[in-house]
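Colleague: Residue numbers (the working numbering): 63 to 375.
Just so it is clear, CB atoms sit at the ideal spot from N, CA and C, and this is done for glycine as well.
(1) I need the boundaries of the beta strand (DSSP E) containing residue 126, first residue and last residue.
(2) Mapping the DSSP letters down to three states, classify residue 72 as helix, strand or coil.
(3) Can residue 337 and residue 364 be called in contact, C-beta distance under 8 angstroms?
(4) Would you list, in sequence order, the uninterrupted alpha helix (DSSP H) runs of no fewer than 4 residues that lie entirely inside the region 250-290?
(5) Taking just the CA atoms, how far does residue 368 sit from residue 349?
(6) Rounded to the nearest angstrom, how far is the Cβ of residue 277 from that of residue 189, given a contact under 8 angstroms?
(7) Report the option in 210, 335, 143 whose CA atom is closest to the CA atom of residue 261.
(8) Indicate the three-state DSSP secondary structure (helix, strand or coil) for residue 111 in the structure shown.
(9) I want to know whether the region 203-220 touches the region 265-281 - three or more CB-CB distances under 8 angstroms.
(10) Thinking residue 228 and residue 158 are a contact (beta carbons under 8 angstroms), I'd like their distance in whole angstroms, please.
(11) Would you identify the three-state DSSP class for residue 190, choosing helix, strand or coil?
(12) Report yes or no: do three or more beta-carbon pairs, one from the region 126-146 and one from the region 156-176, lie closer than 8 angstroms?
(13) Evaluate the contact criterion for the region 146-160 versus the region 111-121: three or more CB pairs, one atom per stretch, below 8 angstroms.
(14) Beta-carbon within less than 6 angstroms of residue 357's beta-carbon, same chain only, minus the 5 sequence neighbours each way: which residues are those?
(15) Report the three-state DSSP secondary structure of residue 147 (helix, strand or coil).
(16) Rounded to the nearest angstrom, what separates residue 374 and residue 181 at their Cα positions?
(17) Tell me whether the beta-carbon of residue 236 lies closer than 8 angstroms to the beta-carbon of residue 372.
(18) Taking its Cβ as the centre, do 16 or more other Cβ atoms sit within 10 Å of residue 191, making it buried, or is it exposed?
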């Protein structure tokens, strides 16, 4: 019994030492490092831009943060700013705040004050998010909406300029030739620098090139498919899947259909391909496909034609 108590006491002691030391270390790291480190680059998709006007005092800054839903209490911000010695240190300009972070705590307020005391962003461009599943025309509309491109020139460059990337090596001529290759991501563009349509396209193709690693090329060879066929199939799967877990199942079904010895089974019968046809005609996604829609005579209609459509959707 006595030995048991001793062992238990030693265990409690070790726990106390471990957690005590751990907390001290944690407290040291948090207070001495994290406030500075958190000011490091925030991913574009998580950035919220806050502009501090020239000459703005702590009260004005607190009101700006409150209106942007960054903080919930302006009084606490002003009080902590004074106590922690940040008054008068805030720098005018545009600052990036992490929208995934909560700043409504003592530590959070301190981090926020540190961010606003750092040098502001020197070159704030236009951020455009291209969601997964966007087709070429949707991407063009998104860029045009931000006045970054001329649609006619963008289409001309897309269909006439030869881009030197391995994944485009055997790409056939077709309408909207780069459909499926303008990688979905959050991009930053600088309208003042006058980025051309070609430069914007190159930025998106380079991003595709970064993601499409050698493993994908090898896998395409194993499946006896071209890169364009892989991207085409992937684009259909992306459109068909409601949740990520469905993608491998749908991909498996379509792959088996493509390789079926029974010609009647080689039609993918994908609603997504018909929706793509209708979007090109009407400029909007039609959620419910009718029997009449399935009878549209178009090479992208996988209800009418066997195999893959001419390109990604």
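Modeller: According to the structure data:
(1) No beta strand (DSSP E) contains residue 126, which is instead part of the alpha helix (DSSP H) from 120-129.
(2) Its pLDDT being 37, under 50, residue 72 is placed unreliably in this model, and the value from its coordinates should be taken loosely. Note: residue 72 maps to helix in three-state DSSP.
(3) No, the Cβ-Cβ distance between residue 337 and residue 364 is not below 8 angstroms.
(4) 259-273, 276-284
(5) 23 angstroms
(6) The Cβ separation is near 30 angstroms, so there is no contact.
(7) 210
(8) In this structure, residue 111 counts as strand in the three-state DSSP scheme.
(9) no
(10) About 34 angstroms; that fails the 8 angstroms criterion.
(11) Residue 190 carries a strand assignment under DSSP once its states are collapsed to helix, strand and coil.
(12) The region 126-146, when compared against the region 156-176, does touch it at the 8 angstroms Cβ threshold.
(13) yes
(14) none
(15) coil
(16) Distance between the alpha carbons of residue 374 and residue 181: 44 angstroms.
(17) yes
(18) exposed
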